[in-house]
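Trainee: Taken in order, the sequence shown gives residues 2 to 236; the numbers are from my numbering. Cβ atoms here follow ideal geometry from the backbone N, Cα and C, with glycine treated the same way. What you are looking at is a predicted structure, and each value in this text was computed from that prediction instead of being measured. Before anything else, here's the structure in question.
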Amino acid sequence: MADRFGDSLKGTQNAPRTPKKDSGVLVIGLGRFGSSIAATLDRLGQDVLAVERNPELVAQWAGRIALVEADAANPEALEQLGAREFPVAVVGVGSYLEASVLITGNLVDIGIPQIWSKAISNEHARILQRIGAHHVVLPEADAGARVAHLVSGKLLDYIEVEDGFTIVKMRPPKETQGFTLAQSKVRERYGVTVIGVKSPGIDFVYATPDTRLSTNDLIIVSGHADLLERFAARP
């Protein structure tokens, strides 16, 4: 692999497979965030090439995913490993602001169609957006907000999609138990929509107006975050 990417890059040995760059994902940085993404994509059968400059992390991941030891803050290194041929790149470098900005800027310059960059603060996120990152992720802030919703009420899971639109998993309020969705008028009264229901011992089913809720059901509900919080707060 070292010959393929040039003398200035060090390829690991026994990499699981050589990624197809025209359909693969380039993951830069193998900290907790980047390594989780790279390992998960690899497990899902996606073509992944990881880039890491820390020899210790390279040694840790050698043989587990396809990777190259290189400094992605150097534009020449990116050119040598063929980064411009990847349709998607993930910048998992967050703690080092300068490196994060340089790497993202380099990827923008070579025209990567989709760039996902990790940020550690709102200011960091704004910088990455301004230089051209298509998606900016604040993993700690996002996780903190999600956990706050879970520990503060009756929600069992919480996913904010965009602009306040959210999907949650919860138990049905008492006033809806024993009634069909048409009878309890959840959407009319609370402004949220029950998408599906999981009853004990029964597979998940998509909800219809005739779906009847019971005490032990788990329900998947969508709507604006504020409305969902009010719905979940019902006895």
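In whole angstroms, give me the CA-to-CA distance for Glu-141 and Ser-118.
Mentor: For Glu-141 and Ser-118, the distance between alpha carbons rounds to 13 Å.
Trainee: Please tell me whether Leu-31 and Ala-60 are closer than 8 Å, where the distance is taken between their beta carbons.
Mentor: No, the Cβ-Cβ distance between Leu-31 and Ala-60 is not below 8 Å.
Trainee: Kindly indicate the opening and closing residues of the alpha helix (DSSP H) around Ala-126.
Mentor: Looking at the DSSP string, the run of the alpha helix (DSSP H) that includes Ala-126 is 123-132.
Trainee: If you follow the alpha helix (DSSP H) that Val-222 is part of, which residue opens it and which one closes it?
Mentor: Note, Val-222: premise wrong, no alpha helix (DSSP H); beta strand (DSSP E) at 219-225.
Trainee: Starting from the C-beta of Arg-85, find all residues in its chain whose C-beta is less than 8 Å away, skip the five residues before and the five after it, and write them out in chain order.
Mentor: Excluding positions up to five away in sequence, the list reads Leu-79, Ile-111, Gly-112 and Ile-113.
Trainee: Per the DSSP calculation, Thr-181 is bridged to which residue(s)?
Mentor: DSSP, once it has assigned bridges, lists Arg-213 as partnering Thr-181.
Trainee: Determine the contact status of Leu-229 and Val-193, defining contact as a CB-CB distance below 8 Å.
Mentor: In this structure, Val-193 lies closer than 8 Å to Leu-229 by Cβ.
Trainee: Does the beta-carbon of Tyr-97 have 16 or more other beta-carbons within 10 angstroms, so that it is buried, or is it exposed?
Mentor: Result: exposed.
Trainee: On a Cα-Cα basis, can you pick out the residue from Arg-44, Ala-73 and Gly-83 that is closest to Arg-65?
Mentor: Answer by Cα proximity: Arg-44.
Trainee: Can you tell me whether Ala-51 is helix, strand or coil according to DSSP?
Mentor: If DSSP states are grouped into helix, strand and coil, Ala-51 belongs with the strands.
Trainee: Are the beta-carbon atoms of Gln-184 and Ser-215 separated by less than 8 Å?
Mentor: Against a cut-off of 8 Å, the Cβ pair of Ser-215 and Gln-184 comes out as no contact.
Trainee: Buried or exposed for Ala-234, going by 16 or more other Cβ atoms inside 10 Å?
Mentor: Looking at its Cβ environment, which holds fewer than 16 other Cβ atoms inside 10 Å, Ala-234 is exposed.
Trainee: List the residues that DSSP assigns as beta-bridge partners of Gln-115.
Mentor: BP columns for Gln-115 point to Val-89.
Trainee: Got a sec? Which residues, its chain only, sit under 6 Å from Ala-226 by beta carbon, not counting five neighbours each side?
Mentor: Counting only Cβ-Cβ distances below 6 Å, and skipping sequence neighbours, we find Gly-165 and Thr-167.
Trainee: Considering only their Cβ atoms, is the gap separating Ile-196 from Val-162 smaller than 8 Å?
Mentor: No. Outside cutoff.
Trainee: Evaluate Gly-224 with the Cβ neighbour count: other Cβ atoms within 10 Å of its Cβ, from every protein chain shown; 16 or more gives buried, anything less gives exposed.
Mentor: So Gly-224 ends up on the buried side.
Trainee: Where does Asp-143 sit, in a helix, a strand or coil, going by DSSP?
Mentor: Here Asp-143 sits in helix by DSSP.
Trainee: Determine the direct distance from the alpha carbon of Ala-67 to that of Ala-39, and round the result to whole angstroms.
Mentor: Each residue's Cα considered, the two are about 9 Å apart.
Trainee: With DSSP run on the structure shown, which of helix, strand or coil describes Val-59?
Mentor: If DSSP states are grouped into helix, strand and coil, Val-59 belongs with the helices.
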